[in-house]
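Everything below concerns the one structure shown next.
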Amino acid sequence: MTIKFIDAAENHKGFPHQNDAWEYLQKSVSKEIISEFEKRFRNHNQKILITKKQLSHIWDVKETTISDRIMSDLNSCLSRFQINTPIRMRHFISQISHESGGGKWMKELASGSAYEGRRDLGNTQPGDGRKYKGAGFIQLTGRANYSEFSKFMNDPKIMDGVDYVALNYPATSAGFWWTNNNMNALCDRNPTVEEVTRRVNGGLNGIADRKVYYNRCLDVI
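Residue numbers (this note's numbering): 951 to 1171.
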């Protein structure tokens, strides 16, 4: 009897022979099929809180430059962390827009070597600084924070490091920080951009740019 992929997925226990089979399948399937599978897998019954058209206005880019992967993760993030009212969405999206340069940067530009040996970040192993440098739209940093995020998402591959998080959870990693810092409660008090920025940044770095993004959010949210 021919194996069904859905049965294989449900019975996957992480055994070496099972991992080998999945890796073989990954390498054997065309990029076009993988792309379509991902689109259907991620977007099925997903609540759309922000559209690509809205985000393209906020980021001032063409819709075609925004990937379906980013839109899927962003909408998943907004739902998961209840960033689902206009005021919450405006502040969250304007802040991540500034921090990521309008979606251009999903991981820290620096090498991460400055974090090497930073025990306050949980970086206790050689190479942790580079491996766990800032990832996502509000840069998740350090082994300890990656570990907490991995447990929250029930995804051990997050511990693979910055590239995996930047690719798969650019918005969700930011939403994880957002909820851990009670940002929705702050937004519900109708704060100024300055108030939110101080919580996110510790100061008012880039305040003019953050306000530009916030005003664009007002246009479409």
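Ideal Cβ placement from N, Cα and C applies to all residues, glycine included. These numbers were taken from a predicted model, which means no experiment stands behind them.
Pairing GLU1013 with ILE1157, the inter-Cα distance amounts to about 26 Å. For LYS1081, the three-state secondary structure derived from DSSP is helix.
Membership of ASP1169 in the alpha helix (DSSP H) is indicated by the continuous run 1157-1170. In the three-state reduction of the DSSP assignment, LYS977 falls in the helix class.
The beta carbon of TRP1127 lies closer than 6 Å to those of ILE1088 in the same chain, with the five residues before and after it left out. Between THR1122 and the set GLY964, ILE1020, LEU975, GLU960, the nearest pair of CA atoms involves ILE1020.
By the neighbour-count criterion, in which a residue is buried when 16 or more other Cβ atoms sit within 10 angstroms of its Cβ, ASN1104 is exposed. When DSSP states are grouped into helix, strand and coil, LEU1090 belongs to the strand group. In its chain, beyond the 5 residues on either side, HIS1007 have a beta carbon closer than 7 Å to the beta carbon of ASP1169. Across the structure, ALA959 and THR1015 are spaced so that their CA atoms are roughly 32 Å apart. Under the three-state reduction of DSSP output, LYS1012 falls in the coil class, being neither helix nor strand.
Rounded to whole angstroms, the Cβ separation of HIS1041 and VAL1146 is 5 Å, and the two are in contact under 8 Å. Taking a contact as a CB-CB distance under 8 Å, the pair GLY1086 and ALA1116 counts as one, their CB atoms being some 6 Å apart.
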